[in-house]
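Undergrad: With my numbering applied, the sequence shown corresponds to residues -17 to 99, in that order. Backbone N, C-alpha and C fix where the C-beta goes; we use that ideal spot for every residue, glycine too. Since this is a predicted model, take the numbers as computed values, not measurements.
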Amino acid sequence: MAKRGGFPGGMPGNMNNIMKQAQKMQKQMEEATKELQEKEVTSSAGGGVVEVTVSGNREVTKVKIDPEAVDPDDVEMLEDLIMAATNEALRQIEEISAQSMSKITGGLGGMGGGFPF
């Protein structure tokens, strides 16, 4: 009678290796996340009259505005400069995060998107 269940060809040993690799990857991702949280990125707009600093947690930690950028008759321009600098800083943090995770996952598409199942 044929043996039921189990994995022919030594699959349990391979499963242990896969689990070890997954645990190693999880630890690396936790370390990379911690490192990212400690990073800060500063971006500017309007030739440097507005600077915005964003943390790895994607929080604005600093806004610097040159007094010459403050024109009471053109508040919209100042708002646009702040928005542009903030969006660029957030984009840079996202890029750093994606590169960091890609190094760990080996380009699997983030959370295992490269697996065929």
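1) With distance defined between alpha-carbon atoms, name the residue in S79, M83 and G88 nearest to K21.
2) Between P54 and V31, what straight-line distance do the alpha-carbon atoms span, to the nearest angstrom?
3) Determine whether the beta carbon atoms of V45 and V34 lie at a separation below 8 Å.
4) In angstroms with no decimal places, state the Cα-to-Cα distance between P98 and G88.
5) Helix, strand or coil, according to DSSP, for V23 in the structure here?
6) In the DSSP assignment, what residue or residues form a beta bridge with V45?
TA: Reading it off the structure:
1) Nearest option by C-alpha distance: S79.
2) The alpha-carbon atoms of P54 and V31 are separated by roughly 15 Å.
3) Yes, these two residues count as a Cβ contact at 8 Å.
4) The pLDDT assigned to P98 is 46, lower than 50, so where the model puts this residue is not dependable, and the model offers no usable value.
5) Correct three-state label for V23: strand.
6) Answer is V34, bridged to V45.
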